[in-house]
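S.K.: Residue numbers (my numbering), protein chains in the order written: chain F, 1 to 391; chain V, 1001 to 1129. Even for Gly, the Cβ is constructed at its ideal location relative to N, Cα and C. Predicted model, so just to flag it, every value in this text is computed and none were measured.
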Amino acid sequence: MTERYVYMDHSATTAVDRSVLEAMLPYFSEEFGNPNSLHIWGRKARKAVNEAREKVAALVGADASEIIFTGGGSEADNLAIKGAAFARRDKGRHVITTAIEHHAVIDAFHWLEDQGFEVTVLPVDERAMVGISDLESAIRPDTILVSMMYANNEVGTFQPVAEAARICNDRGIIFHVDGVQAAGHIPFNVRDMGIDMLTMSAHKMYGPKGVGGLYIRKGVKIQPIVHGGGQERGLRSGTENTAGIVGFGAAADLASMRFTDGSIEEEVRLRDLLIDSVTSSIEDAYLTGHRTERLPFHASFCIGSLEGESMLLRLDAAGIGASSGSACTSGSLEPSYVLLAMGITHELAHGSLRFSLGKDTTREDIVYVAENLKKIVADLRALSPLWKNRG
Amino acid sequence: MYTEKVMELFMNPKNAGRMEDPDGVGEVGNPRCGDIMKIYIKVKDERIVDISFETFGCASAIASSSMVTEMVKGLTLDEALAISNKDVVNALGGLPPQKIHCSLLAEEGIQAAIEDYRAKRKAGVEAKA
């Protein structure tokens, strides 16, 4: 039907980069050894896992001994949150998170609540940012853990993680950051920022699915949630996913390279071009999240008088892959809790759209998306009883 | 997730748009839930001679609107009232379970338009008497 395909859903997942795939391939059939074996097959696999650990650590300024590999970002979030809460439950039972976290964090906190912990959920402002004073006033003498995402997946806004880290560091509270959307996309240093634990995911940065990483600052004690053979310093038992971990290492290398060759700056230019095109050429179209304090590849909107799923399917028919936080795409009747937490009305939240650019996105892609979206919005508004400005 | 028929009507809906001087208008759903369906009808001798819709909602809501307007066009009002949401779902070749409410809106939209027409007519007759 369409001659052009433009994938703009990199917040959902990215394609494994060719260099990453090449790095992984030998570790399926040739170098298939179990990294825990003493023989040559095992030693080769162990060496590959160790090298990957160095690369992932270097991406965020950590030491290799501080990185634990997991089966993905969700598992790393669960390990960090449940692991830290249980390791410190004798010191206190109060834990803090925010209203706009990913479900992997929110649902882990709900589970902690079931286990007798007390949870405080911090509100956000209209741009999806947590207020530092809200964090300060939520902290109690028995607070043991704070978890805050680096950048939001739906609206792209950065949280004030450095300030939050300082506050937690000063009070001896463990500070976890879900960095799934941010890691590999913006340079930062966990040590300088005072982050105690950081979640990362390979498939959000041109690596394979099914591999995550958790940075745990030296000295921070957590309980494992998977028990067994004692791999990953006893914090994540199970034979290492060697090929996947090698892929994560290669993806981390690629990301580090993109920090220095101007790629991120170009991504920001293209993102801003899309934001400006959409908000200036489409009436009643609003950027969601912060205008500047946002992920370099992330542009999200609410389009008035329209519903997200209908726009997504029309975009899909034009060869464009995007996503939405509308009720119809989530399978519930409620639109995105993130947009509602920002104070956006139900009606407008139903019309949410997210375009997340990738390293191969071009200026032509942006123009193609903006032009098609404009047409699709006009076509669907001609059907919408809510759209008043018809002429 | 959607049948070919649903996608076909969603991409090229029939009877779409506002109608000038309708004899009856029915509006169901609410924007908070993300679905509004507005049905316009023209009636002659107790028969729906023209119909159109405006819908704010997902693909299945738009396809259900298009389908139900095609189904009732030319029917008498009583025949149109007998069309159920199940008939709409069947004509679409099925809808995912969480989208059945869209077909219900289609059924209710037709009913609301006919009720509006009958109420106006009754009021008109009483005004003349």
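Look at E293(F) and F188(F) and say whether their C-beta atoms are less than 8 angstroms apart.
M.R.: In this structure, F188(F) does not lie closer than 8 angstroms to E293(F) by Cβ.
S.K.: Which same chain residues, not among the five before or five after R314(F), have their C-beta less than 8 angstroms away from its C-beta?
M.R.: I376, D379 and L380
S.K.: With 16 other CB atoms within 10 Å as the buried threshold, where does Y1117(V) fall?
M.R.: buried
S.K.: Spell out a yes or no on whether the region 1062-1075 of chain V and the region 1044-1051 of chain V are touching, meaning 3 or more CB-CB pairs, one atom from each, closer than 8 angstroms.
M.R.: yes
S.K.: Beta-carbon within less than 6 angstroms of A1013(V)'s beta-carbon, same chain only, minus the 5 sequence neighbours each way: which residues are those?
M.R.: Contrary to the premise, residue 1013(V) reads as Pro rather than Ala in this sequence. The beta carbon of P1013(V) is closer than 6 angstroms to those of I1062 and S1066 in its chain, skipping five residues each way along the sequence.
S.K.: Please report the straight-line C-alpha distance between V338(F) and G244(F), rounded to a whole angstrom.
M.R.: 31 angstroms
S.K.: Quick check on the burial criterion: 16 or more other C-beta atoms within 10 angstroms. Buried or exposed for E1020(V)?
M.R.: exposed
S.K.: Taking Cβ-Cβ distances shorter than 9 angstroms, what residues in chain F pair up with M1011(V)?
M.R.: L313, R314 and A317
S.K.: Let me check one thing: in DSSP terms, what residues is H94(F) bridge-paired to?
M.R.: H94(F) is bridged to E118(F) and T143(F).
S.K.: Tell me, please, whether the CB atom of A382(F) is closer than 8 angstroms to any CB atom in chain V?
M.R.: yes
S.K.: Would the beta-carbon of A251(F) fall within 8 angstroms of that of I100(F)?
M.R.: Not closer than 8 angstroms, so no.
S.K.: Measure the C-alpha to C-alpha separation of P160(F) and S300(F) and round it to an integer number of angstroms.
M.R.: 20 angstroms
S.K.: Closer than 8 angstroms, CB to CB, is K1038(V) near chain F or not?
M.R.: yes
S.K.: Do R271(F) and F248(F) have their beta-carbon atoms positioned less than 8 angstroms apart in this structure?
M.R.: No.
S.K.: To which residues of the same chain is M8(F) closer than 8 angstroms at the C-beta, ignoring the five residues directly before and after it?
M.R.: I320, G321, A322, F355, S356, L357, G358, T361, D365 and V369.
S.K.: Starting from Y1040(V), trace the beta strand (DSSP E) both ways and give me its first and last residue.
M.R.: D1035 to K1044
S.K.: Classify R291(F) as buried or exposed, calling it buried when 16 or more other Cβ atoms lie within 10 Å of its own Cβ.
M.R.: By the Cβ neighbour-count rule, R291(F) is exposed, with fewer than 16 other Cβ atoms within 10 Å of its own.
S.K.: Is the distance from the Cβ of E126(F) to the Cβ of G304(F) below 8 angstroms?
M.R.: no
S.K.: Does the Cβ of R363(F) have 16 or more other Cβ atoms within 10 Å, making it buried, or fewer, making it exposed?
M.R.: So R363(F) counts as exposed.
S.K.: Run through chain V and tell me which residues come within less than 7 angstroms of E347(F), C-beta to C-beta.
M.R.: P1031 and R1032
S.K.: Could you check if T199(F) is buried or exposed, using at least 16 other CB atoms within 10 Å of its CB as the buried criterion?
M.R.: buried
S.K.: Scan the region 1104-1121 of chain V for residues whose Cβ lies nearer than 8 angstroms to a Cβ of chain F and list them as they occur along the chain.
M.R.: none
S.K.: Could you name each continuous alpha helix (DSSP H) segment of 4 residues or more that falls completely within the region 340-367 of chain F, going from the start of the chain to the end?
M.R.: 346-349
S.K.: Between H94(F) and F117(F), what straight-line distance do the alpha-carbon atoms span, to the nearest angstrom?
M.R.: 6 angstroms
S.K.: Going by DSSP, which residues form a beta bridge with F109(F)?
M.R.: Paired residue(s): none; F109(F) is not in a bridge.
S.K.: Could you give the distance in angstroms between the alpha-carbon of G391(F) and the alpha-carbon of R258(F)?
M.R.: Summary for G391(F): the model assigns pLDDT 47, below 50, so the residue's position carries little reliability, and this model does not support an answer.
S.K.: Could you give the uninterrupted runs of the alpha helix (DSSP H) lying entirely in the region 213-269 of chain F, keeping only those of 4 residues or more?
M.R.: 242-260
S.K.: DSSP three-state call for V49(F): helix, strand or coil?
M.R.: helix
S.K.: Count the C-beta pairs between the region 47-63 of chain F and the region 78-86 of chain F that are closer than 8 angstroms, then say yes if the count reaches three, no if not.
M.R.: no
S.K.: Restricting to Cα atoms, I'd like to know which of G308(F), S352(F) and E267(F) is closest to L295(F).
M.R.: When C-alpha distances from L295(F) are compared across G308(F), S352(F) and E267(F), the shortest belongs to E267(F).
S.K.: In angstroms, rounded to a whole number, what distance separates the CA positions of E371(F) and S281(F)?
M.R.: 9 angstroms
S.K.: What residue range is occupied by the uninterrupted alpha helix (DSSP H) comprising I1083(V)?
M.R.: Element bounds for I1083(V): n/a, residue is neither H nor E.
S.K.: My output table needs one value for V1006(V): the three-state DSSP class, helix, strand or coil.
M.R.: helix
S.K.: Taking A299(F) as part of the alpha helix (DSSP H), name the residues at either end of that continuous run.
M.R.: No alpha helix (DSSP H) holds A299(F); the beta strand (DSSP E) holding it covers H298 to I303.
S.K.: With C-beta atoms as the reference, is V220(F) less than 8 angstroms away from I174(F)?
M.R.: yes
S.K.: Please state the DSSP three-state secondary structure of E163(F).
M.R.: Secondary structure of E163(F) (DSSP, three-state): helix.
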